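Written below as structure tokens is the structure these notes are about.
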Ligand code: C5P
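Below is the structure:
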């Protein structure tokens with residue numbers, strides 16, 4: 050296989066449940082994402098164990114604080130040996146630049162650093178209540194530009210936003226897109242979903258996929274199917 054484009058969201062409540070699931074997966078076929086729930090329950094030791102098993106780990110903790118605090122949190126994350134880290138772009142360019150600078154200490158194994166733009170749970174009326182008088186798409190666009198300016202590697206965005214950002218920020222800017230579903234998958238709480246092949250065609254670099262794999266009768270089979278769809282997209 051050429052490149053691992055699928056990041057499985059390990060949205061599990063405990064280390065034991067997550068490790069049982071991981072025992073079914075081959076790190077050659079996917080990367081994994083550890084978010085706030087699992088990290089809070091299982092801690093940095095668990096992250097180290099997953100890295101030791103050979104998985105590329107996206108530590109999805111969405112740091113948002115003053116520049117010094119975020120830079121130090123990013124440095125602590127890098128020490129765990131993770132592949133990718135994220136921060137909130139709304140924390141500001143100085144915060145993002147200092148976070149990026151903290152990773153210069155890891156020249157041989159620098160994790161990728163990306164930013165969350167606008168949470169997909171925020172709609173235009175929520176933004177207006179925060180005195181942000183533009184559409185979520187316009188705000189995503191602006192925050193992605195600031196992320197690029199701060200020297201980060203990419204952003205998390207919806208596949209719908211990918212074509213514009215890809216055109217504007219170039220081929221090397223990483224676009225990580227959740228909300229991926231095949232036609233046979235339950236949408237669950239995702240509102241606007243895009244198929245894996247379609248998302249890649251729209252400019253996504255990596256696809257974050259949770260329940261279509263984690264809740265599948267055979268996660269291995271579901272992942273194989275998704276990887277075939279990715280291969281067909283090339
Ligand atoms: O199970 P599902 O495929 O919907 O999981 C998607 C993953 O991507 C979850 O971990 C979710 O928190 C994350 N995510 C998302 N939408 C965003 C940002 C992150 O679904 N805008």
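Numbering (my numbering), first residue to last: 50 to 283. Built from N, CA and C at the ideal position, the CB exists for glycine as well. Computed from a prediction, not measured in an experiment: that's the story for all the values here.
With C-beta atoms as the reference, is residue i less than 8 angstroms away from residue j?
i	j	result
residue 204	residue 213	no
residue 232	residue 244	yes
residue 167	residue 189	yes
residue 131	residue 165	no
residue 60	residue 94	no
residue 161	residue 258	no
residue 56	residue 256	yes
residue 58	residue 92	no
residue 186	residue 147	no
residue 271	residue 278	no
residue 230	residue 242	yes
residue 151	residue 193	no
residue 117	residue 276	no
residue 246	residue 281	yes
Could you check what DSSP says for residue i in three-state terms: helix, strand or coil?
i	result
residue 60	coil
residue 293	The chain is shown only over 50 to 283; residue 293 falls outside these bounds and no answer can be derived.
residue 77	coil
residue 155	coil
residue 69	helix
residue 50	Here residue 50 scores only 48 on pLDDT, less than 50, and its place in the model is too uncertain to base an answer on.
residue 172	coil
residue 136	strand
residue 165	strand
Could you give the first and the last residue of the continuous alpha helix (DSSP H) run that contains residue i?
i	result
residue 283	First-last for residue 283: undefined, no H or E at that position.
residue 142	142 to 151
residue 99	85 to 101
residue 123	116 to 127
Could you tell me the boundaries of the beta strand (DSSP E) in which residue i lies?
i	result
residue 107	106 to 112
(message) Counting beta carbon pairs with one atom in the region 126 to 145 and one in the region 98 to 115, are three or more of them shorter than 8 angstroms?
(response) In short, these stretches touch, since the Cβ pair count reaches three.
(request) Let me know the beta strand (DSSP E) ranges lying completely inside the region 174 to 257, each 3 residues or longer, listed in chain order. (result) 203 to 205 and 223 to 226, all fully within the region 174 to 257.
(message) For the pair the region 177 to 185 and the region 113 to 129, tell me if three or more CB-CB distances fall below 8 angstroms.
(response) Here the region 177 to 185 does not lie against the region 113 to 129, with fewer than 3 beta-carbon pairs under 8 angstroms apart.
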